[in-house]
Structures are given as structure tokens and as C-alpha cells.
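Taking this note's numbering, I'd label the letters of the sequence shown as residues 1 to 339. Glycine included, each C-beta is placed from N, C-alpha and C at the ideal position. Computed from a predicted structure; not experimentally measured. Below you'll find the structure, written out as C-alpha cells, and then a few comments.
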Amino acid sequence: MNEPTPELVLLSHGGGGGRTKQLLHDIILPALGYDGSEKLDDAACLDVPERDLAITTDSYVVRPLFFPGGDIGRLAVSGTVNDLAMQGAEPRVLTLGLILEEGLELAALQRAMQSVGETAREAGVRIVTGDTKVIERRAGDGLFINTAGLGVRYRGADTHVANARPGDVVLVSGTLGDHGIAVMSAREAWGLETRLPSDVAPLWDMVKSLLDAVPGVRCLRDPTRGGLAAALNDIAEASGVGVRIREEALPVREEVRGACDLLGLDPLNVANEGKAVVVCAAADAARALETLRAHPLGRSAAVIGEVTPAPGGRVLMRTRLGGERMVNVPSGEDLPRIC
């Protein structure tokens with residue numbers, strides 16, 4: 001029996017006419033929870049009385065669109081929500097921009113949009129405006145998403161990467177490298193047999209719990225592209241301090257370690273999409289660790305090192321063998337198109 005021909009995105013879906021409206025009302029808006037009660041327009045007017053706002057934007061080009069534990073829709077919401085959360089800001093609203101390639105199966109678009117809606121509800125944010133464009137076949141790679149987010153600083157939190165001080169403690173909220181390896185395992189060309197799920201998740205609920213328990217958190221950073229190595233170097237450079245971590249303290253799954261050995265990668269450089277690097281005063285470290293571990297997304301949290309007085313911008317790792325090595329910013333992109 002012949003399989004039915006799948007419905008595809010057409011150039012006319014981006015023309016602003018009847019097919020555009022059909023795409024919006026049949027696939028995109030229902031997935032986002034739109035029930036017709038709100039007026040649709042090209043911009044959203046927000047009533048935000050607070051003045052201490054945070055804003056961010058990011059674009060997502062992950063390949064493949066669907067991978068173990070997530071997809072481009074969940075990634076697009078989580079990534080932008082987490083960028084706000086790392087600034088100590090409670091995410092309020094998102095925008096959603098879609099670039100669709102002619103020939104994308106409508107079922108794939110619907111699946112991704114369903115994930116966008118579900119993740120937005122999980123994160124407690126509203127999608128208030130958006131845009132859709134269609135490009136010619138072979139001019140893209142199926143689906144690209146841009147999201148911008150607006151948030152409100154929570155209780156005056158100041159979690160900038162420039163706030164680390166000598167003597168502070170460095171924590172990570174969970175296992176490292178899960179997202180990068182999950183995406184690579186979904187690419188048949190790499191031949192990875194692991195089905196480790198990505199860690200992609202919106203982190204605000206966990207971060208809010210942390211800020212409630214430890215209002216004086218110094219720094220927050222999500223170790224996405226460039227992994228933990230890039231995040232720690234950002235903190236060290238911005239704060240003018242050194243950071244020393246311990247290899248034996250790093251939470252890395254055996255599947256990730258094995259895949260990295262196979263691919264010649266360093267787990268410190270592999271991307272995460274549901275983890276936070278936390279810097280706090282030594283006196284607050286035990287409470288911070290307890291709070292993180294009490295949250296479902298932080299059960300594998302660990303204290304991994306400390307901030308040192310000098311030299312500024314230098315990150316060192318104490319190895320299992322007792323030596324030390326530099327932890328440098330990755331010079332290139334070992335795993336392209338992972339977010």
C-alpha cells in the first residue's frame with residue numbers, strides 16, 4: 001500500500017495571503033494555546049510597571065530538528081528563557097520568529113510548534129508576537145527559529161559574570177555535555193549508539209528557588225556553546241580572577257565520557273542546554289548545593305571548584321593524577337549546529 005504524500009510547506013505559505021492564514025490558524029496558533037480571544041497584530045503592547053527589565057534574543061539552527069530528549073521548539077524556548085534566568089530575571093514574554101524552508105513537512109512543523117507551546121507553558125511565559133517567512137528549497141535547512149525574551153529582575157538579583165570574588169565557590173547544577181552528545185547521536189554520520197537524552201529544559205523555576213535560598217548569588221552562567229570551559233573563562237575574564245576546578249568533582253555521565261573519547265572531544269567543551277554554573281560566597285555554598293539538589297533539574301549538582309585571587313582570566317583544572325592543566329576557551333566549534 002502506498003504511503004500518503006505528506007503535506008509540505010510551500011512558498012505561498014509565506015506570501016501573506018490565504019495559505020499564510022491557514023498555516024497560522026491550523027498549525028502555529030493552536031499549538032501556542034491561542035483561543036481567538038486576543039487580538040492579533042504585528043506588535044504586542046505590554047503593561048509592565050516594573051522598571052528593572054532584562055531583554056535577550058537568540059536564533060536556533062540545530063540539526064537535526066528532533067533529537068533524543070528534545071527538538072528545535074523546546075530548545076528555542078528554553079534557550080531564551082535561560083538567558084534571562086542567568087541574569088536573575090523572571091521571564092515574562094517571548095517573541096517567535098520562524099524561517100521555514102519550502103518542502104518542510106507540515107507534520108514536522110506542527111510537532112515543533114507543539115513543543116514550543118508546551119515548553120512555554122512549562123516555563124510560565126507567554127508568546128505575544130511573532131513572524132513567519134518561507135524561503136526557497138535548499139536555501140535553508142527545514143526550520144530556523146528566533147526568539148526574543150523580556151523578563152523582570154527578581155528581587156534585585158545581580159548575577160553578572162563580573163561579580164566573582166576570590167574565595168567564592170563554583171558549582172554546576174548537573175551533568176555536563178548531555179545536550180551536545182545527544183544531538184550528535186542523532187546524526188547518523190557520527191555512528192554513536194548512545195540514546196542519551198538532551199538536558200534541554202527551562203531553568204527559571206530552579207534559579208528562582210536558588211535566589212530565594214541564596215539571595216547573594218554572585219554569578220550565573222549557562223554553559224551552552226563552548227560548554228563549561230567557555231562559561232568559566234567568561235567569569236574569570238570578566239571578574240579579573242582565576243578559577244580552579246577539580247576533575248574528580250565534575251559530574252560527567254559515562255555515556256558522555258565514552259562518546260567524547262570516541263570523537264576526540266573534551267567534555268568541558270561540549271554544550272549543555274539545561275545546566276547552570278553558579279558562583280557564590282563560600283558561606284553560602286552548602287545551602288546553594290542543597291537547594292539545587294532539591295530541584296528535579298539539579299539532582300546531580302556538585303561543587304566543582306573555587307575562585308582564586310590571581311592571575312585574572314586563568315582557569316586551571318586539578319587532574320585525577322594530581323597535576324594541573326589550563327582550561328582554555330575552545331578555539332573553534334567542535335560540534336556545529338547543536339543549538
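With a threshold of 16 other beta carbon atoms within 10 Å, Leu40 falls short and is exposed. With fewer than 16 other Cβ atoms inside 10 Å of its own Cβ, Gly322 counts as exposed. Scanning its chain for C-beta atoms nearer than 6 Å, with the 5 sequence neighbours on each side dropped, one finds around Ile127 the residues Leu32, Leu94, Leu96 and Ala120, in chain order.
When Cβ pairs closer than 8 Å are counted between the two stretches, the region 167-175 is seen to touch the region 300-311, the count reaching three or more. In the displayed model, Pro267 falls within a helix according to three-state DSSP. For Met86, the secondary structure class from DSSP, reduced to helix, strand or coil, is coil. Pairwise C-beta distances place the region 255-266 out of contact with the region 203-217, as fewer than three of them are shorter than 8 Å.
In the three-state reduction of the DSSP assignment, Ile27 falls in the helix class.
The DSSP assignment places 18-23 and 72-85 as complete runs of the alpha helix (DSSP H) inside the region 8-86, in order along the chain (cut-off: 4 residues). Contact annotation: Thr319 and Val252 have beta-carbon atoms that are not nearer than 8 Å. DSSP places Ala148 inside the beta strand (DSSP E), whose first and last residues are Leu143 to Arg153.
Boundaries of the beta strand (DSSP E) around Ile135: Arg126 to Ile135.
Counting only residues of its own chain and dropping the five nearest sequence neighbours on each side, Arg299 has a CB closer than 8 Å to the CB of Gly174 and Arg293. Counting along the chain, Thr119 sits inside the alpha helix (DSSP H) bounded by residues Leu106 to Ala123.
As DSSP reads the structure, Ala302 sits in a beta bridge with Val172. Distance from the CA atom of Asp158 to the CA atom of Met86, rounded to whole angstroms, is 10 Å. Across the structure, Gly240 and Asp199 are spaced so that their CA atoms are roughly 31 Å apart.
When rounded, the separation of the alpha-carbon atoms in Pro223 and Gly180 is 11 Å.
Membership of Leu220 in the beta strand (DSSP E) is indicated by the continuous run Cys219 to Arg221.
Residues of the same chain with a CB within less than 7 Å of the CB of Asp234, apart from the 5 flanking positions on each side, are Val161 and Arg221 in chain order. In this structure, Leu232 sits near Val327, with a CB-CB distance shorter than 8 Å. In the structure shown, Ile99 adopts extended strand secondary structure according to DSSP, grouped into three states.
Gly69 and Thr20 have their alpha carbons spaced roughly 30 Å apart. When only Cα atoms are considered, Glu247 and Pro197 end up about 23 Å apart.
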